[in-house]
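Note sheet for the following structure.
Numbering (the numbering used here), first residue to last: 1130 to 1408.
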């Protein structure tokens, strides 16, 4: 059991115990006076997770369908409002303390909230210095919401989507344009990538221990030709023809075997539950 999984189990146990104590106290109290009925409390914070799930069911229509801008904006609004507590996390967990930093070969831990053929909701727990290597998202639209911590994101898009122009004929390298090379600290806006734009190939590097919620539609599927491909970056000092523009950077990307850093631990999701419907 990983450290983050142990902490989540302990937190869920404390929440259950407090709920039992609260119910026991309520059972002992008796009152003969007529009590004025109060209005119901506001929706619990986990309602945002349910709203996210409900919206994803209508936004993601399956392979080959990119959500329209109005639906992208709708999901971004929900994700921008989400807090760690909405998925059962807290900045007070020991995993997110600076003293918990792992200095050698930190491994990412993944938990899946929900997955169907059209979309998936998952969280990545990244110790400080952990890396999710540069990889692609074939035919996918991906929303990434940093819930806790500070993360560096570097992303690229192909200069030519067909690979016929801007490729290095002497190797398997293809020319890509740099889309992002920035630090993000929670809370921050949701980032979105698309099948051919927005930085479809990206790399995450945890500066501090962090957690990022990913909404992926459709999910990876080897059977449907959406396998994950990893890349190595090589410098490109002189873009071809008229591609050189002020403030635009390029790199050569070469497909590689799955790197060791791509291996992840997987744990059961223990946060607030959603009411599921079939996609």
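Even glycine gets a Cβ: it sits at the ideal position worked out from N, Cα and C. Since this is a predicted model, take the numbers as computed values, not measurements.
- Message: I'd like to know if the segment 1307–1317 and the segment 1257–1272 are in contact, where contact means that at least 3 CB-CB pairs between them fall below 8 Å.
- Response: no
- Sub-7 Å separation of residue 1280 and residue 1333 beta-carbons: yes
- As assigned by DSSP and simplified to three states, the class of residue 1199: The three-state secondary structure of residue 1199, taken from DSSP, is helix.
- Query: With a Cβ-Cβ cutoff of 7 Å, do residue 1184 and residue 1204 count as a contact?
  - Reply: Cβ atoms of residue 1184 and residue 1204: closer than 7 Å.
- Item | Other residues of its chain near residue 1259: CB distance less than 6 Å, five sequence neighbours each side excluded | Here the set comprises 1235, 1237 and 1335.
- Spatial neighbours of residue 1388 within its chain, please: CB distance less than 8 Å, with the 5 preceding and 5 following residues excluded, ordered by chain position. Excluding residues within five positions, the ones whose Cβ falls inside 8 Å are 1262 and 1359.
- Query: Which word fits residue 1291, buried or exposed, when buried means at least 16 other C-beta atoms lie within 10 angstroms of its C-beta?
  - Reply: exposed
- Message: So if DSSP puts residue 1281 in a beta bridge, which residue, or which two residues, is it bridged to?
- Response: 1312 and 1334
- Message: So, with DSSP's three-state summary, where would you put residue 1286?
- Response: strand
- Query: So residue 1240 and residue 1398 are in contact, right, with Cβ under 8 Å, and what is the actual spacing, rounded?
  - Reply: 5 Å
- Counterpart residues of residue 1394 in DSSP-defined beta bridges: 1238
- Spatial distance of residue 1278 from residue 1221 (CA atoms): 12 Å
- Task: Output the distance between the C-alpha atoms of residue 1200 and residue 1288, rounded to the nearest integer angstrom.
- Result: Approximately 27 Å, taken between the alpha carbons.
- Message: Alpha carbons only, please: which of 1253, 1320, 1347 and 1401 is nearest the one belonging to residue 1224?
- Response: Ranking 1253, 1320, 1347 and 1401 by Cα distance to residue 1224 puts 1253 first.
- Bounding residues of the alpha helix (DSSP H) (the contiguous stretch that carries residue 1187): First-last of the alpha helix (DSSP H) with residue 1187: 1176–1188.
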